[in-house]
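Here's the structure we're looking at; comments come further down.
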Amino acid sequence: MPQSPADRRVVVTGPPRRTSRVSGYYRPRTEIDEQTTLGHTYVRSLMRSQLRAGLTVFAVLGLLIGPLPLLFAAMPDARGLEWLVLGFGLYAPLVLLARWYVRRAERNERDFVRLVEDR
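Under the working numbering, the first residue of the sequence shown carries the number 991, and numbering increases by one thereafter.
So, in structure tokens, the structure goes:
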């Protein structure tokens, strides 16, 4: 049976509608997922910045609390002062230090995500 012209299939060729990505396209998220050297460098950079923030808090905390035993030993008769310093004098600096650390850690993570997502 001969086919009618309406039943015949027509193949249309033209430029592709979907374009593939260029092979040299830079994707940091892919680098991290595939655990390449560059991805390892990105993660190490984030960890280093988080460690730097933690060590800064630790150093300030050591400078803030470290000399207190010497101060208390120099003033043996001031029992009430010790409790006031420990109970009330350190509370505000510790809260401020903790708040600074959390903000710094969140900012480090936000910067890392911005770097990875190419924004």
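Don't be surprised by glycine CBs; every beta carbon is placed ideally from N, CA and C.
Check, Outcome
"Under DSSP, the alpha helix (DSSP H) around Gly1044 begins and ends at which residues?", "Thr1027 to Ile1055"
"Rounded to the nearest angstrom, what separates Arg1109 and Leu1060 at their Cα positions?", "With a pLDDT of 49 at Arg1109, under the threshold of 50, the predicted position of this residue should be treated as unreliable, though the coordinate-derived value follows. The straight-line gap from Cα to Cα measures roughly 51 Å."
"Out of Leu1051, Val1002, Leu1036 and Leu1086, point me to the one whose CA is closest to Glu1096's CA.", "Leu1036"
"Beta carbon of Ala1043, beta carbon of Asn1098: below 8 Å?", "yes"
"Can you name, in chain order, every residue of its own chain whose Cβ lies under 7 Å from the Cβ of Arg1047, other than the five neighbours on each side?", "The sequence shown places Val at residue 1047, not Arg. Leu1087 and Tyr1091, listed in sequence order."
"If I follow the unbroken alpha helix (DSSP H) through Gly1079, where does it start and stop?", "Unbroken run through Gly1079: none, as it is neither H nor E."
"Does Pro1005 come out as helix, strand or coil in the three-state DSSP assignment?", "coil"
"How far does the alpha helix (DSSP H) with Ala1063 in it extend, from its first residue to its last?", "Leu1058 to Ala1064"
"Using the beta-carbon count (16 or more within 10 Å), is Phe1078 buried or exposed?", "exposed"
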